[in-house]
Amino acid sequence: MADYFSDRENGPVPRIDQVISPVAWAGIVALVQGYVANGGFGFRFPVNCPDGAAPYGTDEKAFGANVRALMPGLEWPLQTTQTDPDFSFGSPIPMAPATLLILDFVEYVHAVVAKPFVVKRHDYHNHNHLGFNQGEGQFEFMADVNSVFARCGVAYELQSDGRVVRLLPLILRETLS
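Using this note's numbering, you'd call the opening residue of the sequence shown number 1 and step up by one each time.
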């Protein structure tokens, strides 16, 4: 996690929230959108070059269909706002799905993400053919999502095996260490 000034001055945000806030959810959605854009889900859901079988990105429709099938109740594209039920003509208000659904989704993303790298430039179609390193992609996603959890005070952590665990209160963690 980045070493931010406020953390150095005041210490880290206490990780006590058992419910994932709309702000934390929006951070997770932004991470996923970044991986869609850079081809990070192309390892499992590739868009293949018309000249051959080399992948050059993420098939967002296939990825979204898989998300909807495995995460009932989660909309695709991912939503971070909703219409205010008390004022339908107003601005959308921030929202987050149920915490357990978000945590399932985090584990799912960890399972299917990979770090893309350029294998070859295909000038005719103006794209890059990609290769993937799943271990590096999973590590980066774990670090990024854990940063979101930490900065937002969320009491969960994604581990390297892809499982989310609930963090004990700090006093218990220190006592048991």
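A virtual CB, placed ideally from N, CA and C, is assigned to each residue, including glycine.
On a CA-only basis, which of the options is nearest residue i? Give me that one, please.
i      : options                       : result
Ile93  : Thr83, Leu100, Thr99, Ile102  : Thr83
Ile102 : Val13, Tyr4, Phe5, Ile28      : Ile28
Gly34  : His129, His122, Phe87, Asp144 : Asp144
Asp123 : Phe43, Val106, Cys49          : Cys49
Phe117 : Val13, Arg8, Thr58            : Thr58
Glu60  : Met95, Asp86, Val112          : Val112
Phe105 : His125, His127, Pro72, Ser91  : Pro72
Trp25  : Val164, His127, Gly135, Gln79 : Gln79
Thr181 : Pro97, Leu70, Ala69           : Because the chain in this structure spans residues 1 to 177, residue 181 falls outside the shown range and cannot be described.
Phe139 : Arg166, Glu107, Leu70, His127 : Glu107
Val164 : His127, Leu100, Gly135        : Leu100
Gly52  : Asp3, Phe5, His127            : His127
Leu31  : Gly11, Phe149, Asp161         : Phe149
Could you give the C-beta distance for residue i and residue j, rounded to a whole number, given that I count them as a contact under 8 angstroms?
i      : j      : result
Gly137 : Gly40  : 6 angstroms
Asn133 : Lys115 : 5 angstroms
Does the distance from the C-beta atom of residue i to that of residue j stay below 7 angstroms?
i     : j      : result
Ala37 : His129 : no
Phe87 : His110 : no
Ala62 : Phe45  : yes
Met1  : Ser147 : yes
Arg8  : Leu167 : no
Tyr56 : Val47  : yes
For a minimum of 4 consecutive residues, which ranges assigned as the alpha helix (DSSP H) are wholly contained in the region 99-153?
99-112, 134-151
What runs of the alpha helix (DSSP H), each 4 residues or longer, lie entirely inside the region 38-83?
60-70
Quick one: any contact between the region 141-156 and the region 14-25, if contact means 3 or more CB pairs under 8 angstroms?
yes
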